[in-house]
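Okay, structure first, notes after.
In our numbering, the protein residues as written are 477 to 1009.
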């Protein structure tokens, strides 16, 4: 590829670079750049420079784009937009904002393309205040209302950041509402759990004669999944099939996930088979469905098929498989997966996967292995501390529970409700009444944690085990929840053990108010009277 000043015009070179950008042909674009530098062609031509920046951005080579941009003399708005758009597109919002501020500082006024990109960047990193400030700064020129692209980017930013009312107001004020603006609003509702509202807007969109695209369908399928709206999901599935969109990115995965979460594994398998060209995401959706619906062995079989078809698992695959192993007690398979995870280096920057391993070993009753994984985690969070504590508590190793709890506090991690469930469980196993009562008190007095039904149940069980049935009943009667059957059975068992007829009758009357046909309570009451005869 040769470029000479006397043979080529800058417009020709710009055209070549645009072609490379469209095709994402980084190799040819880089060769053309090298030839331009070698021949000192167009060294100060801002149009060629802007085209080079754009080419690198479109090819995803942001480092080269930035280096090329930094060498431009007096970059124009096109060059700035190329760089800002690139950073926004690839989720690097902070860099996009930095470029925007530098551009404004250099006296270059942003246009609609700049603003659309910067609002996208703010939405990606949650910088809604900065985005709002920029919006107010340029609202005087009417850009957000006049320009559909800018207005849509604003709707997307506010929706992503959870300011749904503001997003709705802007959306309703748009001169033109296209599929992109509708999907931006729908996506925001789904992201923030307003799934019913998202489906209402889907109906309104279709009433206005705008057909959903693949991205819209993925959003509304997530909404159906979250609220277990199987009927609506099926209607959407029919529409997807009618429009031959099943092969579009993310659609089949969203359908498989929806059917799995609605408990319709057979339908999920049908969708999976219908998509002839699978990817890791579709395999993960099916494996996750098996793991979540209690058919762990099918998840492991599905993993074998995935490997046989030469698909490499990712961190999500392994997380799902660890859940499957935990649910069916597949200890040996879990260890095998742990080895694969370790060899693949998946846990280095993935706290979720480390948590899966910790949780699996804790459920298998091997807290020592859970702790070993825990110690290998660089950035320990509350969830990982709680998982190890729970493992030791369930295994009855109260010394380790207290040791880890003290260390956790010492390292500045504040306990939560789940932490105290583990501590009270450990006290319960060993009948440590004083320690249990102290923990119950400091939970609310020092850490402002309101004791839950589970905390009360632990303390009631502990008091019952050590023969303090009277105090257990008082706590049960005074707790801010209605006594359920589980607590009642616990207390009646303690009354039988202590041969306490009076308290036994009090609890028995409470049980028959909840369930007159509770055979266990009747048998227990007979045994209490029999023991006292």
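Note that beta-carbon positions come from the ideal geometry of N, C-alpha and C, so glycine has one too.
Please determine, among the options, the residue with the shortest C-alpha to C-alpha distance to residue i.
i            : options             : result
residue 931  : 897, 942, 765, 952  : 897
residue 971  : 564, 945, 959, 952  : 945
residue 719  : 748, 688, 747       : 688
residue 797  : 784, 787, 814, 711  : 814
residue 892  : 913, 863, 509       : 863
residue 653  : 915, 642, 686, 633  : 686
residue 1028 : 704, 707, 762       : It is not possible to answer for residue 1028, since the shown part of the chain is limited to 477 through 1009.
residue 516  : 560, 494, 486, 496  : 486
residue 823  : 810, 852, 839       : 852
residue 850  : 871, 827, 840, 839  : 827
residue 977  : 986, 1006, 989, 988 : 1006
residue 489  : 781, 582, 502, 509  : 509
residue 705  : 899, 551, 908, 733  : 733
residue 624  : 638, 651, 496, 612  : 651
residue 895  : 919, 873, 872, 743  : 919
residue 960  : 643, 981, 988, 975  : 988
residue 833  : 821, 544, 846       : 846
residue 736  : 809, 986, 760, 556  : 760
residue 809  : 821, 789, 836, 973  : 836
residue 838  : 872, 812, 821, 817  : 872
residue 537  : 817, 550, 514, 502  : 502
Quick check: the Cα distance between residue i and residue j, rounded to an integer number of angstroms?
i            : j           : result
residue 532  : residue 730 : 32 Å
residue 546  : residue 565 : 20 Å
residue 831  : residue 868 : 15 Å
residue 569  : residue 628 : 18 Å
residue 425  : residue 683 : Only positions 477 to 1009 of the chain appear in the structure, and residue 425 is not among them; the question remains open.
residue 524  : residue 656 : 31 Å
residue 480  : residue 792 : Only weak support is given to the placement of residue 480: the predicted model assigns it a pLDDT of 49, under 50, and the value that follows is read from those uncertain coordinates. Their backbone Cα atoms lie some 52 Å apart in a straight line.
residue 1016 : residue 506 : There is simply no residue 1016 to check, as the chain begins at 477 and stops at 1009 in what is shown.
residue 992  : residue 769 : 33 Å
residue 906  : residue 775 : 38 Å
residue 803  : residue 854 : 27 Å
residue 748  : residue 658 : 28 Å
residue 522  : residue 541 : 14 Å
residue 590  : residue 567 : 15 Å
residue 739  : residue 795 : 20 Å
residue 498  : residue 614 : 31 Å
residue 943  : residue 875 : 23 Å
residue 997  : residue 979 : 13 Å
residue 535  : residue 870 : 53 Å
residue 881  : residue 990 : 38 Å
residue 483  : residue 563 : Low confidence applies to residue 483: its pLDDT is 40, below 50, so where it sits in the model is not reliable, and the reading given next is rough at best. Rounded to whole angstroms, residue 483 to residue 563 spans 35 Å at the Cα level.
residue 636  : residue 599 : 6 Å
residue 711  : residue 639 : 30 Å
residue 917  : residue 886 : 20 Å
residue 856  : residue 883 : 12 Å
residue 848  : residue 700 : 40 Å
residue 500  : residue 879 : 56 Å
residue 781  : residue 744 : 16 Å
residue 645  : residue 634 : 10 Å
Just to confirm, is the Cβ distance from residue i to residue j under 7 Å?
i            : j           : result
residue 806  : residue 767 : no
residue 588  : residue 626 : yes
residue 690  : residue 724 : yes
residue 865  : residue 877 : yes
residue 1000 : residue 968 : yes
residue 702  : residue 671 : yes
residue 787  : residue 819 : no
residue 661  : residue 647 : yes
residue 963  : residue 952 : yes
residue 560  : residue 580 : no
residue 553  : residue 601 : no
residue 861  : residue 889 : yes
residue 938  : residue 915 : no
residue 966  : residue 940 : yes
residue 572  : residue 526 : no
residue 753  : residue 722 : no
Check whether the Cβ of residue i lies closer than 6 Å to any heavy atom of the ligand FAD, and answer yes or no.
i           : result
residue 929 : The ligand content of the structure shown is nil, which means the ligand FAD is not present either.
Going residue by residue through the stretch 880 to 939, where are the continuous alpha helix (DSSP H) segments of at least 4 residues, counting only ones entirely within it?
Taken in chain order, the complete alpha helix (DSSP H) segments of 4 or more residues contained in the stretch 880 to 939 are 893 to 906, 909 to 921.
_Taking 8 Å as the cut-off, does the stretch 660 to 668 touch the stretch 693 to 702 (at least 3 CB pairs, one atom from each stretch)?_
Short answer: they touch.
ask   = Are the stretch 922 to 938 and the stretch 954 to 971 in contact at 8 Å, needing three or more beta carbon pairs?
value = The stretch 922 to 938 and the stretch 954 to 971 touch, with no fewer than 3 CB-CB distances between them shorter than 8 Å.
As an exercise, report each continuous alpha helix (DSSP H) stretch of at least 4 residues that is fully enclosed by the stretch 660 to 725, in chain order. The stretch 660 to 725 contains these whole alpha helix (DSSP H) runs: 671 to 683, 690 to 702, 706 to 718.
Just to confirm the assignment: which complete alpha helix (DSSP H) runs, minimum length 4, are found wholly within the stretch 753 to 798? Runs found: 756 to 768, 772 to 784.
| task | Would you mind listing the alpha helix (DSSP H) stretches within the stretch 805 to 857 that are 4+ residues and don't spill past its ends, in chain order? | result | Qualifying alpha helix (DSSP H) stretches, in chain order: 807 to 819, 827 to 839, 843 to 852.
Item to complete: At 4 residues or longer, and completely inside the stretch 572 to 616: list those alpha helix (DSSP H) runs for me, N to C.
Response: Within the stretch 572 to 616, the runs of alpha helix (DSSP H) at least 4 residues long that lie entirely inside it are, in chain order, 588 to 601, 604 to 615.
Please give me, in chain order, every unbroken run of the alpha helix (DSSP H) with length at least 4 that falls completely inside the stretch 631 to 655. List check, alpha helix (DSSP H) in window: 640 to 648.
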